[in-house]
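Heads up: the structure comes next, in structure tokens.
Numbering (full-length UniProt numbering), first residue to last: 1 to 262.
As structure tokens, then:
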């Protein structure tokens, strides 16, 4: 039976198409923070490490996460297939408490008049999936190449190539990215423990996946603020509840990222 509000009106039906070992996990956390929705989570298994073909029936790209929103009375659902777009739409309608105040109270909206918290939020919303996640995906690919079964005479070649890639590109970028995040946390507005201030925002939820996923790449001793932040996100009740929810739905232990089978 569909959920309804106190006045009897139906709630929007929000469906998350969740793919195992993917970035869609943080959308579970985000949706748990949303108010006024009828939530459904559909589980999908990978086929040969890829999303199954049936996901393309929902969106042509067939990538996860996909969220569909069926508004009461609408003929067709809205379909979103990018994390940033999903997050912006959901927070604007169902979780405005996860968006920092854009303009200081008592001021008129104007160019350049935004709060530091909101400016950070807008930048980091796109940074999480852009600069940071793309780096970690490349690192995952290099690890897969390095660790894949190979003839003994080939392995020194692939190890040499991936090692050179680490030295010339990945390691310098790790320092830039993790140093940047450590500094952002050290200068969080109002001395907050979250990255845009004192309160949890959608950006913290978005950053949870790449940071927990990429923790093995981080020299935690060199970035103490970042180390504290990652630990806080992992221990946050919202993160823990999202993991528990998926374990209940799948009946399996939660795996954060792609497990390569050789």
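All C-beta atoms, glycine included, are put in the ideal place defined by N, C-alpha and C.
Asked, Found
"Three-state secondary structure assigned by DSSP to residue 61", "coil"
"For residue 203, the first and last residue of its enclosing alpha helix (DSSP H)", "202 to 213"
"Distance, residue 253 Cα to residue 218 Cα", "25 Å"
"Three-pair Cβ contact test at 8 Å for the stretch 67 to 81 versus the stretch 176 to 188", "no"
"Euclidean distance between Cα positions of residue 14 and residue 81", "13 Å"
"Residue(s) in a DSSP beta bridge with residue 17", "42, 66"
"Bridge partner(s) assigned by DSSP for residue 263", "Any answer about residue 263 is impossible in this case: the structure gives the chain only from 1 up to 262."
"Unbroken alpha helix (DSSP H) run spanning residue 137, endpoints", "133 to 147"
"Cβ-based burial, residue 111 [other Cβ within 10 Å; buried from 16]", "exposed"
"Close beta carbons around residue 5, own chain, < 8 Å, minus the five adjacent residues each side", "Legend: pLDDT at residue 5 = 46, less than 50; position of this residue unreliable, value from coordinates given subsequently. Here the set comprises 11, 36."
"8 Å Cβ cutoff met for residue 128 and residue 203", "yes"
"Buried or exposed (CB count within 10 angstroms, at least 16 for buried), residue 183", "exposed"
"Cβ pair count under 8 Å reaching 3, the stretch 23 to 30 against the stretch 234 to 248", "yes"
"Of the residues 162, 47, 119, the one placed nearest residue 189, counting alpha carbons only", "119"
"Nearest-angstrom Cβ-Cβ length linking residue 194 and residue 136, presumed shorter than 8 Å", "Contact doesn't hold; Cβ gap of about 21 Å is too wide."
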